[in-house]
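Remarks on the structure that follows.
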Amino acid sequence: MRATISAIEERLDAPTAKGLAQAVSRAIRDATLLPGDQLPPIRRVAEELMMSPTTVSAAWQLLARSGTIRSDGRRGTTVAPTTRGGERYSRALRHESPVSLDLSTGIPDGQLLPPLHAVLAGLDDPAAPSSYLDDPLLDDLRTELLRDWPYAAEELLVVDGAMDALDLVTRALLRPGDLVL
0 MRATISAIEE RLDAPTAKGL AQAVSRAIRD ATLLPGDQLP PIRRVAEELM MSPTTVSAAW
60 QLLARSGTIR SDGRRGTTVA PTTRGGERYS RALRHESPVS LDLSTGIPDG QLLPPLHAVL
120 AGLDDPAAPS SYLDDPLLDD LRTELLRDWP YAAEELLVVD GAMDALDLVT RALLRPGDLV
180 L
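In terms of numbering that gives the first Met the number 0, the sequence shown is residues 0 to 180.
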């Protein structure tokens, strides 16, 4: 049990429930703690790490809620077996994809943008909308975009750059907790 506490102590960044839970998670990720390994009792961990038993108990609850450990009452707490979901996600992250998109810059790939130079040059009078209530998409531009757009579009939306577009798409399609790879 002392080796387990030492392994946790080496990885402990903050003497909080979250910090302790992260330290145990790191020890599991590093394979220092393996599925089935017995964790020391809460009081012993609290005493050795000079933390309150309440803090250690809160850390164990965080770990149990995430499925990292299993508590079996008086028989103690053990490291839970790894789930197949974790394997599936780790395989997805290792997957080589022929498509590589860097979304961190907010700059779209130039190859994905339609050529607009000729269209914009051919506009008679590209008067900008004069009010926030005006449609921000010029009629001539809308006509050209819809004519060459490869998909049926009910509406066109003007966004303030790629990051604005990504924000709108993610808010429309994703919910809190969804996994995005």
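Here a beta-carbon is modelled for each residue, glycine too, at the ideal position from N, C-alpha and C.
* Going by other Cβ atoms of all chains shown within 10 Å of its Cβ, with 16 needed for buried, is M238 buried or exposed? -> Because the chain spans 0 through 180 in this model, residue 238 falls outside it and cannot be assessed.
* To do: Measure the CB-CB distance between V78 and D29 and report whether it falls below 8 Å.
  => No, the Cβ-Cβ distance between V78 and D29 is not below 8 Å.
* Could you tell me the distance, in whole angstroms, from the CA atom of T76 to the CA atom of P39? => Going by the C-alpha atoms only, they are around 8 Å apart.
* Asked: When we look at the beta-carbon of A22 and count the other beta-carbons within 10 Å, is it buried (16 or more) or exposed?
  -> A buried status is given to A22, since no fewer than 16 other beta-carbon atoms sit within 10 Å of its beta-carbon.
* How would you label T54, buried or exposed, when you count the other beta carbons within 10 angstroms and need 16 or more for buried? -> Taking all protein chains shown into account, T54 has 16 or more neighbouring C-beta atoms within 10 Å of its C-beta and is therefore buried.
* Let me know the alpha helix (DSSP H) ranges lying completely inside the segment 4 to 68, each 4 residues or longer, listed in chain order. => Within the segment 4 to 68, the complete alpha helix (DSSP H) runs of at least 4 residues are 16 to 28, 41 to 48 and 52 to 64.
* Asked: Below 8 Å between beta carbons: does that hold for A58 and G105?
  -> With a cutoff of 8 Å on beta-carbon distance, A58 and G105 are scored as not near each other.
* Looking at the unbroken beta strand (DSSP E) that takes in T81, where does it start and where does it end? -> Per DSSP, T81 belongs to no beta strand (DSSP E) and is neither H nor E.
* Is it true that the CB of P113 sits closer than 8 Å to the CB of D163? -> Against a cut-off of 8 Å, the Cβ pair of P113 and D163 comes out as no contact.
* Asked: Is the distance from the Cβ of L136 to the Cβ of V157 below 8 Å?
  -> Taking 8 Å as the Cβ cut-off, L136 and V157 qualify as a contacting pair.
* To do: Over the uninterrupted alpha helix (DSSP H) stretch that includes R74, give me the two end residues.
  => R74 -> no alpha helix (DSSP H), and no H or E assigned at all.
* Asked: CA-CA distance, G66 and I4?
  -> Those two C-alpha atoms are separated by around 20 Å.
* Specify the secondary structure class of G109 as computed by DSSP and reduced to three states. => DSSP places G109 in helix when its eight states are reduced to three.
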